[in-house]
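Read the structure below first, then the notes.
There are 2 protein chains.
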Amino acid sequence: MTASFDFDAWIALQLAQVESALHRWMQADPTDPASHRAPNDLMDAMRYAVQGGGKRLRPLLVLAAAQSAGAPPHSEAPLRAACAVELIHAYSLVHDDMPCMDNDVLRRGKPTVHVQYGQAMALLAGDALQALAFELLTPGAEQIAPAQQARLCALLARAAGCDGMAGGQAIDLASVGKRLTEVQLRDMHRLKTGALLQASVMMGAACGQVNATAHAALQRFGAAIGLAFQVVDDILDVTADSVTLGKTAGKDAEADKPTYVSLLGLDHARSYARELKAQALAALADSALADVRALRALAGMLVERTC
Amino acid sequence: MTASFDFDAWIALQLAQVESALHRWMQADPTDPASHRAPNDLMDAMRYAVQGGGKRLRPLLVLAAAQSAGAPPHSEAPLRAACAVELIHAYSLVHDDMPCMDNDVLRRGKPTVHVQYGQAMALLAGDALQALAFELLTPGAEQIAPAQQARLCALLARAAGCDGMAGGQAIDLASVGKRLTEVQLRDMHRLKTGALLQASVMMGAACGQVNATAHAALQRFGAAIGLAFQVVDDILDVTADSVTLGKTAGKDAEADKPTYVSLLGLDHARSYARELKAQALAALADSALADVRALRALAGMLVERTC
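Protein chains in written order, with my numbering: chain A, 462 to 768; chain B, 462 to 768.
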């Protein structure tokens, strides 16, 4: 491991690749037989949901973990996995913003998908984004080895579904106005946001080769940053304004949703986030992987972020 | 091929296996570490959407095609593929029935999922059913060979997504109140219902081994029965009553949706369905597969059905 790691340059390079790949894999070009033949308005709504914003934290985690796991430099697996996770994240936001859920009108500083395209199209765009995630993971065998495709689909499906993100959202739905214990709150977030963040790390790892020790350590890393992410989210919901966040601030308190801030208070929530970051860094050290610089920097970025 | 094929007995056996497997794979048993840990109300809504009704046409097509393709008798692949396709179908109905889409309150003779569980839970249940489909297709390598898992995920994702079912629904959404040509109507249905029916056949085929000739013939078979299914659906929307259909009859005409009946008239729609059945049977004959009795019988059942 060298001392000089230019995180900003690393991020810029990865983001350029992710944005370009998302653009390429969501094209509908009638002259290109390999591109989508989907109706224009559906593809428009899907692209609107995915492009032009977002921190791309999940793709960055995939790519950083893939690098740590020694994924072959020119393999398509990390980039496909990165984009697939982002599509799942994007679809969850589209559905979550709908009137029957959070009824939010602002996302990343823009009108939400159902405001822009109507509820029916938002519903379909979310559904199609989920399917597209699994399309990206199952290209020809020359792009990703079939066994790796299967492994990536397995990880993503479980993180997105009833034992993961969708399950966490269902708990969230049932918990509005209820007083949760810290354990119940943690269990909810472990599913709602933690599962997909952890899966991002493990999908990255699945693009390379890691031994059992490193695998277990990366799982602990993913769990810690997954929870840290949510704690910081709860803090920002209270401390940041809507313009900075690019979404409506103060929504949780208004909806009487339990949060780490309502449960622990602001100061303790902040120290908990720092503790989780320390746990994440300790797990990375335990992994004994040669190069964890990008993962370490991402853990820091995630906890220090202001939006 | 023997002359004696007891289709009723075949159906009964397959349905028993499908129902049992759907039950098993949607369990949330806290004492069983392999079962789902999802919140009870989400699993309830998911099971409600899937169980207790439905002709299970897609699973039957998967199992019949797997049999024709010589899938090993004790492989889990056909049954997992059969259930995965049914979960995608079930999720599409849940979302399609929601107020922002068709706003239907009756399905298979029961209140629709959003009527029973609320819109937010219906949205989440549909989302989680889609993810669960891909979970079923990606068990351990001892249940399905990884390369086969990848192939099945690839087929299902493309049939469900923007170039398949979701794309067809978007065209449907945009076509209410419009006069479509027969070509436009066919293109819509080819995606909306045809893609998943054709994928059922091809996923079954992927559970066994078929040569290029049989593969192409099964694709033609799947395309023909996919379209036939929709033509018959349009006929039944006009000729059957709600009790027989188990859903609100006459919805399409009321919503001023283009149908084969509105385009061709009832008599021509009926003869078109018969013509498509003949095309399907011709494709089966071309396949040169040894045993296509179940597929042939299913094509007949699909066109002659009264609900």
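No residue lacks a Cβ here, since even glycine has one placed at the ideal position from N, Cα and C. Just so it is clear, the structure is predicted and the values come from calculations on it, not from any experiment.
Is K738/B helix, strand or coil by DSSP? helix
Under 8 angstroms, Cβ to Cβ, is there at least one residue of chain B near T654/A? no
Three-state secondary structure (DSSP) at P534/A? coil
Please name the residue or residues paired with R568/B in a DSSP beta bridge. K571/B
Burial state of V555/B, where buried means 16 or more other Cβ atoms lie within 10 Å: Buried.
Complete runs of the beta strand (DSSP E) confined to the segment 640–727 of chain B [at least 3 residues]: none
Cβ pair count under 8 angstroms reaching 3, the segment 543–557 of chain B against the segment 587–599 of chain B: yes
State the DSSP-derived secondary structure class of P607/A, mapped to helix, strand or coil. helix
Is it buried or exposed for G570/B, if we count other Cβ within 10 angstroms and need 16 for buried? exposed
Report the three-state DSSP secondary structure of H497/A (helix, strand or coil). In the structure shown, H497/A sits in coil (DSSP, three-state: anything other than H, G, I, E or B).
What whole-angstrom Cβ distance do F595/B and T654/B have, given they're in contact under 8 angstroms? Wrong, their Cβ atoms sit about 21 angstroms apart, outside the cutoff.
Sequence-distant residues of the same chain with beta carbon closer than 6 angstroms to A684/B, five excluded per side: Correct list, in chain order: Q659.
Are the CB atoms of A734/A and D764/A within a distance shorter than 8 angstroms? A small fix is needed here, since residue 764/A is Val in this sequence, not Asp. Yes; because the gap between Cβ atoms is below 8 angstroms, this pair is in contact.
Assuming A489/A and R498/A make a contact with CB atoms under 8 angstroms, what is their CB distance in whole Å? 7 angstroms
Do D752/B and S529/B have their C-beta atoms closer together than 8 angstroms? yes
Output the distance between the C-alpha atoms of A606/A and R731/B, rounded to the nearest integer angstrom. 47 angstroms
My guess is that L646/B and Y721/B are in contact by the Cβ rule of under 8 angstroms, so how many angstroms apart are they, rounded? 7 angstroms
Quick one: is G761/A buried, meaning 16 or more other Cβ sit within 10 Å of its Cβ, or exposed? exposed
Based on Cα-Cα distance, which residue from A506/A, L483/A, G514/A and C561/A lies nearest to P539/A? L483/A
Any Cβ of chain D within less than 8 angstroms of the Cβ of C668/B? In the structure shown, chain D does not exist; the protein chains are A and B.
Alpha carbon to alpha carbon, what distance is there between A675/A and V693/B? 56 angstroms
Given that Q630/B touches chain A, what residues does it touch there, using C-beta distances under 7 angstroms? L585
Could you give the distance in angstroms between the alpha-carbon of Q740/B and the alpha-carbon of S748/B? 12 angstroms
Just to confirm the assignment, what range does the alpha helix (DSSP H) spanning R517/B have? No alpha helix (DSSP H) holds R517/B; DSSP gives it neither H nor E.
Answer yes or no: do R546/A and L476/A have a C-beta to C-beta separation smaller than 8 angstroms? At residue 546/A the sequence reads Val, which differs from the Arg that was named. Contact: no.
Any idea what DSSP makes of L487/B, helix, strand or coil? The question names Leu, but residue 487/B in the sequence shown is Met. Three-state result, M487/B: coil.
Among M664/A, R640/A, R766/A and M562/A, which has the Cα closest to the Cα of L724/A? R640/A
Length of the line joining the Cα atoms of H650/A and A542/B: Those two C-alpha atoms are separated by around 31 angstroms.
Spatial neighbours of Q610/A within its chain, please: C-beta separation below 6 angstroms, excluding the five flanking residues on both sides. Answer for Q610/A: L598 and T599, listed in chain order.
Mind checking if T642/B is an interface residue toward chain A, Cβ cutoff 8 angstroms exclusive? no
Min CB distance M767/B to chain A below 8 angstroms: In the sequence on display, residue 767/B carries Thr and not Met. Not closer than 8 angstroms to any Cβ of chain A, the Cβ of T767/B fails to qualify, so no.
So G622/A contacts chain B; which residues on that side make the cut at Cβ distance below 7 angstroms? A589, A592, L593 and E596
Helix, strand or coil for Q512/A, going by three-state DSSP, please let me know. Coil at Q512/A, not helix or strand.
Just the Cα atoms here: how many angstroms apart are P560/B and Q630/B? 15 angstroms
Relative to the alpha-carbon of R508/B, which residue among R757/B, I686/B and Q577/B has its alpha-carbon at the smallest distance? Of the candidates R757/B, I686/B and Q577/B, the one whose C-alpha sits nearest the C-alpha of R508/B is Q577/B.
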